[in-house]
Amino acid sequence: MGTEISLSDVRGLIGMETGLSDWVTVDQTMIDAFAGATDDHQFIHVDPERAAAESPFGGTIAHGFLTLSLLSAMNYNCLPKVREQTMGINYGFDRVRFMTPVKSGARVRGRFLLSDARFRGGGMLMTTYDVTIEIENEKKPALTARWITIIQFDPKDRPEDV
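Position one of the sequence shown corresponds to residue 1 (full-length UniProt numbering), numbered consecutively onward.
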């Protein structure tokens, strides 16, 4: 996918994979920082010895919400930039499923398929992505989700044909 597209190009990408991010290593330092930020210190995330002994995972795993939160950086890393965009807004999720735990030290990446794009009001384009976060060397993904974002732009830049 190119690095920059026009607003008028976005709807033509519906149904296409529009981005595949670089790999991101989810290490114990990242997991511990997320635990501190969210006050979720369950042993399966922050205690490697106990997690190895008492959990079915063989060690610590990332919080599901940590994995989900990586989508923002993955989006920025791989999706084409819309030339007229002035701001991006996270609108939310219609569906999120945590499929496979992400073990500490694993590498993950995001795969983005544009499933819808609708102009709203004078200066907004609502985009819906079917996203998957893959785990390197795992058959099942870490998560799947339907993510809705809004591209904000100056109304004077709205394509005439929409």
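The beta-carbon is built from N, C-alpha and C at its ideal position, and this holds for glycine as well.
{"Asked": "Through-space distance from Thr60 to Pro48, alpha-carbon basis", "Found": "5 angstroms"}
{"Asked": "Length of the line joining the Cα atoms of Asp27 and Arg158", "Found": "43 angstroms"}
{"Asked": "Within 8 angstroms, strictly: CB atoms of Met74 and Arg50", "Found": "no"}
{"Asked": "Residues that DSSP places opposite Met124 in a beta bridge", "Found": "Arg120 and Gln152"}
{"Asked": "Identity of the residues DSSP links to Gly88 by a beta bridge", "Found": "Ile151"}
{"Asked": "Separation of Ile5 from Arg120, as counted between CA atoms", "Found": "19 angstroms"}
{"Asked": "Nearest-angstrom Cβ-Cβ length linking Leu7 and Glu84, presumed shorter than 8 angstroms", "Found": "5 angstroms"}
{"Asked": "Simplified DSSP assignment, three categories, for Arg50", "Found": "helix"}
{"Asked": "Straight-line gap, Val102 to Ala53 (C-alpha atoms, nearest Å)", "Found": "17 angstroms"}
{"Asked": "contact_flag[the region 140–147, the region 86–102] where n(CB pairs < 8 angstroms) is 3 or more", "Found": "yes"}
{"Asked": "Best match in Glu134, Asp39 and Asp9 for proximity to Leu68 [C-alpha to C-alpha]", "Found": "Glu134"}
{"Asked": "Closest residue to Ala62 among Cys78, Arg11, Thr38 and Asn77 (Cα-Cα distance)", "Found": "Thr38"}
{"Asked": "For Lys81, the residue or residues it bridges with in DSSP", "Found": "Glu4"}
{"Asked": "Environment of Thr127 [buried if 16+ CB atoms lie within 10 Å]", "Found": "buried"}
{"Asked": "Same chain, Cβ closer than 6 angstroms to Pro155, neighbours up to 5 away in sequence not counted", "Found": "Gly122 and Gly123"}
{"Asked": "Cβ-Cβ distance between Met30 and Leu114 below 8 angstroms", "Found": "no"}
{"Asked": "Residue of Ala117, Lys139, Asn137 and Glu138 minimising C-alpha distance to Asp130", "Found": "Ala117"}
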